[in-house]
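Mapped onto the working numbering, the consecutive letters of the sequence shown carry residue numbers 11 to 380.
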Amino acid sequence: MAPPPGEPSDALIERCTDVTERLRSGYTTGACAAGAAKAAIIGHINGQMPESVEITLPKGQRVVFPVCQDELGRAVVIKDAGDDPDCTDGAHVTASVSLIDGDEVRISGGEGVGVVTKAGLGLTVGHAAINPVPRRMITDAIREVTDHGVEVIISVPGGEEMARATTNDRLGILGGISILGTTGIVKPFSTAAYRASIVQQIDVAAANGQRHLVLVTGSRTETAAIGLFPNLDPVAIVEVGDYTGVAIKRAASHQPDVITWIGMVGKVAKLAQGLLMTHFHRANVDTELLADVARSVGSNESLVLEATATTTARHFYESCRSEGDLRPLVELTRLATTTCFEAVGHRVPVEVFMVDFDSLQVIADHRLTP
Numbered sequence: 011m012a013p014p015p016g017e018p019s020d021a022l023i024e025r026c027t028d029v030t031e032r033l034r035s036g037y038t039t040g041a042c043a044a045g046a047a048k049a050a051i052i053g054h055i056n057g058q059m060p061e062s063v064e065i066t067l068p069k070g071q072r073v074v075f076p077v078c079q080d081e082l083g084r085a086v087v088i089k090d091a092g093d094d095p096d097c098t099d100g101a102h103v104t105a106s107v108s109l110i111d112g113d114e115v116r117i118s119g120g121e122g123v124g125v126v127t128k129a130g131l132g133l134t135v136g137h138a139a140i141n142p143v144p145r146r147m148i149t150d151a152i153r154e155v156t157d158h159g160v161e162v163i164i165s166v167p168g169g170e171e172m173a174r175a176t177t178n179d180r181l182g183i184l185g186g187i188s189i190l191g192t193t194g195i196v197k198p199f200s201t202a203a204y205r206a207s208i209v210q211q212i213d214v215a216a217a218n219g220q221r222h223l224v225l226v227t228g229s230r231t232e233t234a235a236i237g238l239f240p241n242l243d244p245v246a247i248v249e250v251g252d253y254t255g256v257a258i259k260r261a262a263s264h265q266p267d268v269i270t271w272i273g274m275v276g277k278v279a280k281l282a283q284g285l286l287m288t289h290f291h292r293a294n295v296d297t298e299l300l301a302d303v304a305r306s307v308g309s310n311e312s313l314v315l316e317a318t319a320t321t322t323a324r325h326f327y328e329s330c331r332s333e334g335d336l337r338p339l340v341e342l343t344r345l346a347t348t349t350c351f352e353a354v355g356h357r358v359p360v361e362v363f364m365v366d367f368d369s370l371q372v373i374a375d376h377r378l379t380p
């Protein structure tokens with residue numbers, strides 16, 4: 011039987027799978043920063059910089075980074091992004107450290123690391139754009155060496171120039187790149203290969219008798235899915251990234267008992283707009299829609315105004331949580347479910363879960379059935 015219109019053929023899937031297997035993975039800026047920080051504290055305590063360091067990634071893998079020094083004596087790990095077309099490939103992720111009173115690990119950004127200037131990113135305004143998982147990785151790496159208080163400064167010379175190839179400026183991250191990564195690993199990106207891998211994973215799940223297919227947008231929502239459906243075979247949970255349209259249509263072609271989609275507010279809002287490709291380059295979040303949703307459920311005017319006060323859905327989400335009014339989030343989830351249900355031609359039950367950024371608890375869910 012031919013694949014659904016617009017979906018990769020089996021031959022294309024095989025070719026893309028071969029390509030994916032040949033592509034080389036790399037490491038995130040967060041992992042490199044943790045390696046540089048560990049090298050810096052070893053050098054500070056021992057008086058000699060190590061030639062390499064070993065750190066633990068979030069999923070438990072131990073990896074080794076070569077280390078060098080810059081002209082200021084700071085520890086440097088040169089980022090290797092593998093075969094991913096990453097603008098930070100080759101970046102000199104740099105760390106300097108000093109011992110401080112107490113037992114706290116303080117982490118800040120130096121040259122080339124962006125500063126957060128807008129709310130809605132889950133980071134503190136006015137602070138360095140170093141995300142929570144990299145901060146934990148840096149702290150854990152330091153703690154492998156000492157329990158003493160340590161101040162760490164992460165720098166990326168040339169980071170401001172690198173950031174021009176990103177959307178940092180639009181998001182209000184100014185002056186450099188972000189220190190990112192939830193797994194420590196950069197997986198090579200190929201659009202055709204990625205789409206084909208999604209299709210392949212769904213087909214494998216269906217071929218193995220899975221009647222409940224769960225589509226997640228990333229590693230965090232995968233964790234949420236495992237918590238929500240602990241008895242589900244892991245093969246039934248498929249990471250689809252921004253390719254909800256590709257994934258949900260392929261899943262529906264197997265006539266499962268139900269398709270579950272799990273995401274956070276940004277991608278839920280895109281689905282609520284009727285967009286099945288949720289990448290931020292394709293379209294911005296429609297803040298007027300957020301405002302209309304808030305009005306439609308009777309939210310107060312201050313929350314309606316918050317909807318258009320930023321370019322991020324996360325800011326609106328945090329405002330709803332702060333106001334104690336989750337009705338707009340429930341309505342967004344309903345609209346997102348409608349988009350997905352229409353995409354599968356009303357043929358199979360579809361449910362959408364919106365989960366929290368930090369706790370991964372379900373904030374809203376909706377289900378539609380033929």
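Where a beta carbon is used, it is the ideal one built from N, C-alpha and C, also for glycine.
- By the beta-carbon neighbour count (other beta carbons within 10 angstroms, threshold 16), VAL214 is exposed.
- Assignment of ASP375 by DSSP, reduced to helix, strand and coil, places it in the strand class.
- In the three-state reduction of the DSSP assignment, ARG84 falls in the coil class.
- In this structure LEU131 touches LEU181 by the C-beta definition: roughly 6 Å separates them, less than 8 Å.
- By the C-beta criterion, the segment 346-363 is judged not to be in contact with the segment 317-324, since fewer than 3 inter-stretch pairs fall below 8 Å.
- For ARG34, the three-state secondary structure derived from DSSP is coil.
- Under the three-state reduction of DSSP, MET147 is assigned to helix.
- In the structure shown, GLY40 adopts helical secondary structure according to DSSP, grouped into three states.
- Here DSSP, grouped into helix, strand and coil, assigns SER329 to helix.
- Relative to the Cα of ILE110, the nearest Cα in the group ILE195, ASP99, VAL73, VAL162 belongs to VAL162.
- Of all alpha-carbon atoms in GLN71, ILE373, VAL86, the one lying nearest the alpha-carbon of LEU336 is that of ILE373.
- The alpha-carbon of ILE269 is positioned some 6 Å away from that of GLU361.
- In its chain, beyond the 5 residues on either side, ALA44, ALA47, LYS48, ILE65 have a beta carbon closer than 6 Å to the beta carbon of ALA151.
- When VAL63, LYS197, PRO144, GLU171 are compared, the shortest CA-CA separation from ALA85 is found for VAL63.
- Fully enclosed beta strand (DSSP E) runs of no fewer than 3 residues occupy 268-273 of the segment 266-291, in order along the chain.
- Where ALA105 is concerned, the enclosing beta strand (DSSP E) starts and stops at 102-110.
- Within its own chain, the residues whose Cβ lies closer than 7 Å to the Cβ of GLY159, once the five positions on either side in sequence are excluded, are LEU109, ILE110, ASP111, GLY112, ASP113, GLU114, listed in chain order.
- For PHE351, the uninterrupted alpha helix (DSSP H) segment begins and ends at 337-353.
- In this structure, the CA atom of ILE51 is about 30 Å from the CA atom of ASP93.
- Annotation: the continuous alpha helix (DSSP H) that includes ARG305 extends over 297-306.
- Burial is judged here by how many other beta carbons sit within 10 angstroms of a residue's own beta carbon; LEU223 has at least 16 and is buried.
- DSSP lists ILE272, ASP375 as the beta-bridge partner residues of PHE363.
- The C-beta separation of GLY276 from MET364 comes to about 10 Å, leaving the pair out of contact by the 8 Å criterion.
- With respect to VAL250, LEU225 sits close: the two C-beta atoms are nearer than 8 Å.
- A Cβ-Cβ contact shorter than 8 Å links SER306 with GLU341.
- DSSP places LEU223 inside the beta strand (DSSP E), whose first and last residues are 222-226.
- Spanning the alpha carbons of GLY168 and GLY119 requires a straight line of approximately 14 Å.
- Residue pairing for CYS97: DSSP places it in no beta bridge.
- The residue from ASP179, ASP80, ALA101, GLY124 with its alpha-carbon nearest to that of ILE187 is GLY124.
- For THR254, the uninterrupted alpha helix (DSSP H) run begins and ends at 254-263, by DSSP.
- Cβ contact annotation for GLU232 (same chain, cutoff 8 Å, sequence separation greater than five): VAL226, ILE247, GLU249, in chain order.
- Sequence-distant partners of ASP157 (beyond 5 residues in either direction) whose C-beta falls short of 8 Å from its own C-beta, in its chain, are ASP113.
- For VAL248, the enclosing beta strand (DSSP E) begins and ends at 247-249.
- Residue environment for ASN56: exposed (fewer than 16 other C-beta atoms within 10 angstroms of its C-beta).
- Counting only residues of its own chain and dropping the five nearest sequence neighbours on each side, ARG153 has a CB closer than 8 Å to the CB of VAL115.
- Buried is the label assigned to THR98, since at least 16 other Cβ atoms lie within 10 Å of its Cβ.
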